[in-house]
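Participant:
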Amino acid sequence: MVLAMTDPVPLSGLILEVPEAEPAVASHRERLDANASLGIPAHLTVLFPFMPPGEIGLTVLTSLERLFAAVSQFHFQLDRCDWFGTDVLWLGPHDPEPFRALTRTVAQAFPDFLPYEGQFGEPVPHLTVGHGDPLADLQAAEQSVNDHLPIDAQATAITLMTQQAAAGPWTRSATFALATSSAAT
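Residue 157 is where the sequence shown starts when you use this note's numbering, and the numbers rise one by one after that.
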């Protein structure tokens, strides 16, 4: 997720953490992705921005828990580096559809919160490696990350990330387990 650092209110987002990608991307994200220093792990965004943190209560948390409990865990593979222009380097999943389905599911359940506030049509599932840095630095990161591909991963839970103050650090506020294949409905 790319943060709007000038937003006057704290934000929240729903992400799928990808710890399997950390060995390939952590050192690059520390230098090239300001979100890493704010506490956001390597991830693919499910829905950002989500509800203001002050409005997330037990009813919302329970709804999210039920929503994600009906989604089966799945295996995925990050198999390529790609770009948004020459400004954002990212990793893409071989099959983006499970991520798009997650986003659609949450957006349908919470229609007041469009992915990226509706700016981009259907979002492109991606794991940001770096953005806004010199092109040569991003290209060097791309070469390094390519040596680690493909990255096999498992989607087992969705994390609610929130801020306490606008433009401040992010914390994991809740984690919602996805269903094991036999438990999904």
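C-beta: ideal position from N, C-alpha, C; glycine also.
(1) Assign L214 to one of two classes, buried (16 or more other C-beta atoms within 10 Å of its C-beta) or exposed (fewer than that).
(2) Which whole runs of the alpha helix (DSSP H) in the region 231 to 311 are 4 residues long or more, in chain order?
(3) Does A180 pass the burial test, meaning 16 or more other C-beta atoms within 10 Å, or should it be called exposed?
(4) Can you give, in chain order, each stretch of the alpha helix (DSSP H) that sits fully within the region 191 to 232 and has at least 4 residues?
(5) Note down the Cα distance separating S329 from P166, rounded to an integer number of angstroms.
(6) Out of G210, H184, R187 and L200, point me to the one whose CA is closest to A322's CA.
(7) Pop quiz: V216 and L172 are said to be a contact at Cβ under 8 Å. What is the actual Cβ separation, rounded to whole angstroms?
(8) Going by the C-beta, is V280 closer than 7 Å to any heavy atom of the ligand PLP?
(9) Take H250 as the anchor and find which of I196, A309, V244 and D289 has the nearest alpha-carbon.
(10) Nearest to L334 by alpha carbon, out of Q320, E278 and A313?
(11) Rounded to whole angstroms, what is the Cα-Cα separation between T259 and G195?
Facilitator: Concretely, from the data shown:
(1) exposed
(2) 253 to 265 and 291 to 302
(3) buried
(4) 214 to 225
(5) 13 Å
(6) G210
(7) V216 to L172, Cβ: 19 Å. No contact.
(8) For the ligand PLP, the structure offers nothing, since it holds no ligand at all.
(9) A309
(10) A313
(11) 22 Å
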